[in-house]
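J.:
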Amino acid sequence: MYHGQLNGYMDVHVPSLSGSNILALDGSVDISGDFEKETGTLIFQGHPVLHAGKRPSPSQNDWEVRQFNLNVLKLDGAEFHLSRNSTMKGDIHANNSVVILGSNKVYTDNNDGTGNTIESVAGESTPDNDKDISTLSGYIYSDNSVITVNNKFNGGIFADNKSIINVHGKNSIINAGSEISKDSKLSLQNGSKLTTEVNFINLGILEIGENATLNLQGYKVWGLHSVYP
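If you want this note's numbering, it's the position in the sequence shown, counting the first as 1, plus 17.
This is the structure we're talking about:
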């Protein structure tokens, strides 16, 4: 776990780590270059507000928003979680990876604010209101990967090589060029909503679940192949 900030003109490369191979960041990232993670798990998350005499807890309601700005997040055989109270601006290149936008996975530090060695604890935390959910603005390039969108997303999606894009939330907007390859799939889960504000090329399968909504905003979805479960 890392509480600090990464700022400036740099690239960040995180290799396979010893032990559980998990890195959670609840500080901030503001770099001009790329952030790369090989294998293992990477988490961008907010930070629980500290209270005197109390350890931070995943179940507490008050969290601080953290910003993650970068050029490209490169994932190779890795798992990425954009968790509560985090805002990310940048593209994602996922190769043989899993991406969860709006994950409930978080880490807290029992020694946070004490100056002692970090004692990280895994947990789950789901926001109670929209102001605490995660946001991604950027392109997603998926190569043989699974992308799950639970919270706010604005940008474009390119899915190739048997990729699967699962949309669960109601705040996903495609406002940049996007394409689903013929061997990939875009799946709108029950009750979800996806809005497209630009032309969208779909050569693969589009699944629309019960009470899900695909809002085309007057633009054409090219090569539409739909399946209604």
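Where is the CB? At the ideal position from N, CA and C, for every residue including glycine.
1. Tell me the DSSP secondary structure of D126 in three-state form.
2. Put G147 into one of helix, strand or coil per three-state DSSP.
3. Report all residues from its chain with a CB closer than 6 Å to the CB of V115; omit the five preceding and five following residues, and keep chain order.
4. Report back the beta-carbon spacing between S49 and N88 to the nearest angstrom; my notes put them in contact at under 8 Å.
5. Run through DSSP, which three-state label would V244 get?
6. Taking the alpha carbon of N216 as the reference point, which residue from G173, T143, K91 has its own alpha carbon closest?
7. Thinking C-alpha only, which one of N232, T131, L59 is nearest S37?
8. Distance check for L205 and Y245, CA to CA, integer angstroms please.
9. Can you tell me where the beta strand (DSSP E) with S76 in it begins and where it stops?
10. Excluding the 5 residues flanking G226 on each side, which residues of the same chain have their C-beta closer than 8 Å to its C-beta?
11. By Cβ distance, which residues of its chain are closer than 6 Å to I190, with the 5 residues on each side in sequence left out?
12. Go through its chain and collect everything with a Cβ distance to D93's Cβ below 8 Å, but skip five positions before and after it.
T.: In short:
1. What you label residue 126 is simply residue 109 of the sequence shown in a count that begins at 1. Three-state result, D126: strand.
2. Stepping through the sequence shown from its first residue, residue 147 is reached at position 130. Residue identity check: residue 147 is Asp in the sequence provided, not Gly. It is helical.
3. For the purposes of this step, residue 115 is identified with residue 98 of the sequence shown, where counting begins at 1. Once the five neighbours on either side are set aside, the close Cβ partners of V115 are E96, V163.
4. Locating residue 49 in the sequence shown gives position 32, where the first residue counts as 1. Locating residue 88 in the sequence shown gives position 71, where the first residue counts as 1. Right, the Cβ-Cβ distance comes to about 6 Å (below 8 Å), so this counts as a contact.
5. As a working mapping, residue 244 is identified with position 227 in the sequence shown. The pLDDT assigned to V244 is 49, lower than 50, so where the model puts this residue is not dependable; a value taken from the coordinates is nonetheless given after this. In this structure, V244 counts as strand in the three-state DSSP scheme.
6. Working through the sequence shown from its first residue, we reach residue 216 at position 199. That would be G173, whose Cα lies nearest to the Cα of N216.
7. The count along the sequence shown starts at 1 and reaches residue 37 at position 20. Taking only the C-alpha atoms, the option nearest S37 is L59.
8. By one-based count along the sequence shown, residue 245 stands at place 228. By one-based count along the sequence shown, residue 205 stands at place 188. Summary for Y245: the model assigns pLDDT 47, below 50, so the residue's position carries little reliability, and this model does not support an answer.
9. Sequence index remark: in the sequence shown, residue 76 carries index 59 (1-based). Per DSSP, S76 belongs to no beta strand (DSSP E) and is neither H nor E.
10. Here residue 226 corresponds to residue number 209 of the sequence shown, with the count starting at 1. S204, L205, Q206, N207, G208, S209, P246.
11. To locate residue 190, count along the sequence shown from 1; it is residue 173. Result list for I190: N171, T212, in chain order.
12. The residue labelled residue 93 in the question sits at position 76 within the sequence shown. The residues are E53, K54, E55, T56, N112, N113, S114.
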